[in-house]
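Report on the following structure.
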Amino acid sequence: MKSVYWIAKREMGSFFSSPIIYIVTTVFLVLYSFLFFAILSEFSNISMQVAPQAAQIQQSGGSLNANEMIVVPALANMSVILLFIIPLVTMRSFAEERKNKTFSLLLSSPVHLREIVAGKFLSCLGIIAFMMLLSSYSVAFVVALGEPELGPIVSGYVGLLLMAGCYIAMGVLASSVTDNQIVAAALGFGMALLMWVLSVPAQKADTGVGIILKYISLGSHLESFLKGVIDSADLAYYLSFMAFMLFLTYRVLDSRRWR
Amino acid sequence: MIEVEHLTKNYGPRAAVKDLSFHIHKGEVVGFLGPNGAGKSTTMNILSCILPATQGQARVCGFDTFEQSLEIRKVIGYLPETPPLYQDMLVGKFLEFAAGLRHVPRKNIPAAVDRVLQQCGLTEVRHRIIGRLSKGFQQRVGLAQAMIHDPQILILDEPTIGLDPIQIIEIRKLIQELGESHTILLSSHILPEVTQICQRVIIINEGEIVAMDSLDGLNASMRNARRLELKVRQPKDDIQSRLEGLDKVQSVQSRGRDLFIIESEPEARLQDAVARLALDQEWGIEELKPLALSLEDIFLKLTTEEKEVKEAQI
């Protein structure tokens, strides 16, 4: 386990000493903030429109729900932005090591291959978690001005982090098959996008295949998290998806030694 | 310490290493000599557990490179041909990382880093970024990371490649010092380098061992003895004794009934005498050729490269 710590620590250090991470983080925050404020202004528009009937609405026990109208769409947007951003973070994991011939240091050290994979994965997860933490200013904003429920916000973030973990695991796998970072990014993005759009055709067909596609799709499992429900089925899906992708990464790296 | 038995490594259809067998004992400094592409790096990669062998077995400290690679990786320090350096890291931080990877206990890491910085003459560049250092310093950082956990065995692939003459001398001196307390296997394509540092030499060409001997033994066989190989069509029992009876013959070894290696005194030029004897006795000469020459050829190849370097230095 100590090796995982050392590898992840070095990886994080390397992230913060390269310009890529600052650019990627900036792009992420700008895109997210733009969409967040679009949602916010839409919400305030609706608030203004319904203001004359406010008393009526309150009497009937209703109110404008900040969770459903701001937090959920904002987090859903973030899940899409992450889809584009994560391959840029994961592309270097193994591709760069191979290109710079530094991988032989790891391979000739008393470190198990699975510890290397875990270290790489956790460092990327750490970076994404850091970016999500920066983006949480928006939630703080909503909490300060409105009265959203905190439960669904927390579960939403948990779900997003799990989903990001799946994208990262795919990106790390993509990075393990090639020495070229661009190829790794393209491959990681392709896989992530495919897993995400899988549910699109399923929405039209409620037959057997449709249900299966919807179940396999990464996006469909996020819905319950955003609603504030942590379903063990969704949790198991995300965790096993990550484990499977990381296992494939391990196998790829192991088999490449034989060639 | 290192036992290699019938090691073969194929890259697709091409064999990089063919049926290699050698042993290295504790405390020895052994040079692995051969032209580029001879299979030196491949063998070292197998010994460092980076590559699996196609056939055969390699054991380091009694551990199998395939079955017990984690144990081996604890006791070796490996400097690959291209030093594995993270260009964006500081020298000191990189060495701390290398120490952590090699399971140096956390409280011992600062001392270990200080020690290798001192040994490799890196103290002054401790806080500099590796990517900004000269090739010579980078090579030394590579050497430092291999030594950080004070391994019993050091495997150094071309440790002086790409350095300027003064740096070469410094690194050679450092390896000599290390050789007093470590087992070292180092590869080179430069003969004088090996003669300076190593006690024993393994010469490898096109994936096969061509010669393996101590430096003195090798020099003796190179300079003095002339070896002839005689192959006959009609083997007889008295061939060996009759060959030994020839003037200026030092020894005769038989390889099977029809193949003989004749070792003679220097400059003896025994071809004529052997041929005459074979014709008289009607053994039927199938082949008669000087052996040492092929070894010399390889040395020539190796030494010419060093000559080029020397000329370039002038």
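Residue numbers (our numbering), protein chains in the order written: chain A, 66 to 324; chain B, 2 to 315.
A virtual CB, placed ideally from N, CA and C, is assigned to each residue, including glycine.
| Asked | Found |
| --- | --- |
| Simplified DSSP assignment, three categories, for Asp248/B | coil |
| CB contact check: His177/A to chain B, cutoff 8 angstroms | yes |
| The beta strand (DSSP E) enclosing Asn317/B, as first and last residue numbers | Chain B is shown from 2 up to 315; residue 317/B falls before or after that span and cannot be answered. |
| Closest by C-alpha distance to Leu345/B, when choosing among His24/B, Trp284/B, Thr9/B, Glu29/B | No statement about residue 345/B is possible, as the shown extent of chain B runs from 2 to 315 and does not include it. |
| Close-in-space but distant-in-sequence residues of the same chain around Ser200/A (CB under 7 angstroms, 5 per side omitted) | Leu94, Tyr97, Met143 |
| Chain-ordered chain A contacts of Lys75/B [CB-CB under 7 angstroms] | Pro175 |
| Exposure label - Lys67/A; buried when at least 16 CB within 10 Å | exposed |
| Residue(s) in a DSSP beta bridge with Thr314/A | Its beta-bridge partners do not exist; DSSP assigns none. |
| Gly184/A vs Val69/A beta-carbon contact at 8 angstroms | yes |
| Same chain only: Cβ atoms within 6 angstroms of Val317/A, ignoring 5 sequence neighbours per side | Ser241, Val242 |
| Extent of the continuous alpha helix (DSSP H) run through Phe25/A | Residue 25/A lies beyond the stretch modelled for chain A, which goes from 66 to 324, so this question has no answer here. |
| Under 8 angstroms from the C-beta of Thr167/A: neighbouring residues of chain B | Pro85, Leu86, Tyr87 |
| Sequence-distant residues of its chain with Cβ nearer than 8 angstroms to Pro217/A (five each side left out) | Asn132, Val136, Val137, Leu291, Lys292, Gly293 |
| Length at least 3, wholly inside the stretch 176-212 of chain B: the beta strand (DSSP E) runs in chain order | 184-189, 201-206 |
| CA-to-CA distance, Leu252/A to Ala239/A, given in whole angstroms | 6 angstroms |
| Pairwise C-alpha distance: Ile281/A and Ala234/A | 16 angstroms |
| Residue-chain proximity (Arg173/B, chain A), Cβ-Cβ < 8 angstroms | no |
| Alpha-carbon spacing of Ser188/B relative to Ile198/B, whole angstroms | 11 angstroms |
| Beta-carbon separation (whole angstroms), Val202/B vs Gly32/B, contact threshold 8 angstroms | 5 angstroms |
| DSSP beta-bridge partners of Gly57/B | None; Gly57/B has no bridge partner. |
| C-alpha gap between Gln318/B and Pro166/B, whole angstroms | In the structure displayed, chain B extends from 2 to 315; residue 318/B sits before or after that span and is not available. |
| Closer than 9 angstroms at the beta carbon, the chain A residues around Arg60/B | By Cβ distance, chain A contributes nothing, its closest Cβ being about 17 angstroms from Arg60/B, past 9 angstroms. |
| N-terminal and C-terminal residue of the beta strand (DSSP E) that Gly273/A is part of | Run containing Gly273/A: none in the beta strand (DSSP E); it sits in the alpha helix (DSSP H), 273-281. |
| Distance between beta carbons of Ile172/B and Thr184/B, contact taken as under 8 angstroms | Not a contact, Cβ separation roughly 18 angstroms. |
| Within chain B, partners of Ser79/A - CB distance below 9 angstroms | Tyr87, Asp89, Met90 |
| Arg133/B, buried or exposed, once every other Cβ within 10 Å from all chains shown has been counted against 16 | exposed |
| Chain A within 8 angstroms of Leu144/B, Cβ atoms only | no |
| Where the alpha helix (DSSP H) containing Pro152/A begins and where it ends | 137-155 |
| Which of helix, strand or coil DSSP assigns to Ser295/B | Note that Ser295/B has pLDDT 49, beneath the 50 cutoff, so the model's placement of it is unreliable and the number below is only indicative. Helix. |
| Residues bridged to Gly137/B (per DSSP) | In the DSSP output, where bridge partners are listed per residue, Gly137/B has none listed. |
| Contact list for Ser49/B against chain A, beta-carbon separation under 7 angstroms | Ser173 |
| Contact with chain A by Leu96/B, beta-carbon distance below 8 angstroms | no |
| Neighbourhood of Ala257/A by C-beta distance below 6 angstroms, restricted to the same chain and skipping five residues each side | Leu148, Tyr232, Met235 |
| Identified DSSP bridge partners for Gln254/B | Ile262/B |
| First and last residue of the uninterrupted beta strand (DSSP E) at Asp273/B | Unbroken run through Asp273/B is the alpha helix (DSSP H), 272-282; no beta strand (DSSP E). |
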